[in-house]
Amino acid sequence: MGRGQLILIEGLDRTGKTTQTELLLNNLSPNAELIKFPQRQTPIGKIIDRYLTDKSYELPDQAIHLLFSANRWELIDSIKSTLDSGKHVILDRYVFSGVAYSVGKNIPGMDIHWCVSPDKGLMRPDLTLFLVNEMGSDSRAGFGEERYESVGMQQKVRKQFDLVLKELGDATVKTLNVTGKTIDEVELMIRRQVDNLLSNPNEEYHHF
Ligand code: DGP
Numbered sequence: 001m002g003r004g005q006l007i008l009i010e011g012l013d014r015t016g017k018t019t020q021t022e023l024l025l026n027n028l029s030p031n032a033e034l035i036k037f038p039q040r041q042t043p044i045g046k047i048i049d050r051y052l053t054d055k056s057y058e059l060p061d062q063a064i065h066l067l068f069s070a071n072r073w074e075l076i077d078s079i080k081s082t083l084d085s086g087k088h089v090i091l092d093r094y095v096f097s098g099v100a101y102s103v104g105k106n107i108p109g110m111d112i113h114w115c116v117s118p119d120k121g122l123m124r125p126d127l128t129l130f131l132v133n134e135m136g137s138d139s140r141a142g143f144g145e146e147r148y149e150s151v152g153m154q155q156k157v158r159k160q161f162d163l164v165l166k167e168l169g170d171a172t173v174k175t176l177n178v179t180g181k182t183i184d185e186v187e188l189m190i191r192r193q194v195d196n197l198l199s200n201p202n203e204e205y206h207h208f
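Sequential numbering from 1 applies to the sequence shown in the UniProt record's numbering.
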């Protein structure tokens, strides 16, 4: 039996990533696990959660950036073991969010190269699906409660995602335009891409 495949769903806030990662988990069940980043239950994840939900809790932008990356490193051994056991791992956000959100803050020195360096060595997904909703995301229920959920920030991050995907992406990264699509339609678009991958799975691991 070959290794499991690492499948990442990326996108701005409230583009339906969480719904779709859960549907994909169901579809691939029982041969898959889902990991959502940031993973807020780990020791580092608890600091990230506080930073996101308590806007009066200040940390230097560089420090929170490194914590988001450290949160991915905290889980990478367990992701690798799951893949080695033949199970697929679905990720809800990963390195591309890590770089796009931080570069979107426009902090001097925090360019793409600086931002990706702590993630260097993390495993590359076998497939990345970047969900784009041209309608924006501010009309979804609950939008605005967390730190980065403002229309201005989302626009900056959207621009950065394009640049980050150009710089760090490769043929395994696909953009899916989900504007105006129903949940079922998006599920089908994702299934097609995943079925393609699973009919021709990767054996070797690649890294950022
Ligand atoms: P979520 O739980 O998916 O809603 O993500 C929480 C927020 O944190 C969201 O606004 C996106 C942002 N975010 C997710 N991952 C990272 C990261 O690695 N770095 C930065 N700076 N922000 C991130």
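No residue lacks a Cβ here, since even glycine has one placed at the ideal position from N, Cα and C.
Using DSSP with H/G/I as helix, E/B as strand and the rest coil, what is THR19? Helix.
Does any heavy atom of ligand 1 sit closer than 7 Å to the C-beta of TYR205? Closer than 7 Å to some heavy atom of ligand 1: that does not describe the Cβ of TYR205.
Mapping DSSP to helix, strand and coil, what is VAL132? Looking at VAL132 - three-state DSSP - the assignment turns out to be strand.
Any non-hydrogen atom of ligand 1 closer than 7 Å to ARG3 Cβ: Exclusion of ARG3 from the 7 Å shell around ligand 1 follows from its C-beta lying no nearer than that to any non-hydrogen atom of the ligand.
Whole-angstrom C-beta distance between HIS88 and GLY4, which should lie under 8 Å: Right, their Cβ atoms sit about 4 Å apart.
Closest Cα partner of PRO30 within the set GLY86, TYR51, LEU168, PRO108: By alpha-carbon distance to PRO30, the top candidate from GLY86, TYR51, LEU168, PRO108 is GLY86.
Counterpart residues of HIS88 in DSSP-defined beta bridges: Within the DSSP secondary-structure output, HIS88 pairs in a beta bridge with ALA32.
Counting along the chain, where does the alpha helix (DSSP H) carrying GLU167 start and finish? Note, GLU167: alpha helix (DSSP H), 151-168.
Determine contact between the segment 90-106 and the segment 161-176, defined as no fewer than three beta-carbon pairs at a distance below 8 Å. Touching, per the Cβ criterion.
Would you please state the rounded distance, in angstroms, between the beta carbons of LEU125 and ILE7? I believe it to be under 8 Å. One point to set straight first is that residue 125 is Pro, not Leu, in the sequence displayed. With a Cβ gap of about 6 Å, PRO125 and ILE7 count as contacting.
Alpha carbon to alpha carbon, what distance is there between GLY180 and ASP49? Rounded to the nearest whole angstrom, the CA to CA distance from ASP49 to GLY180 is 31 Å.
Would you please state the rounded distance, in angstroms, between the beta carbons of ASN71 and GLN39? I believe it to be under 8 Å. Correct: roughly 6 Å between the Cβ atoms.
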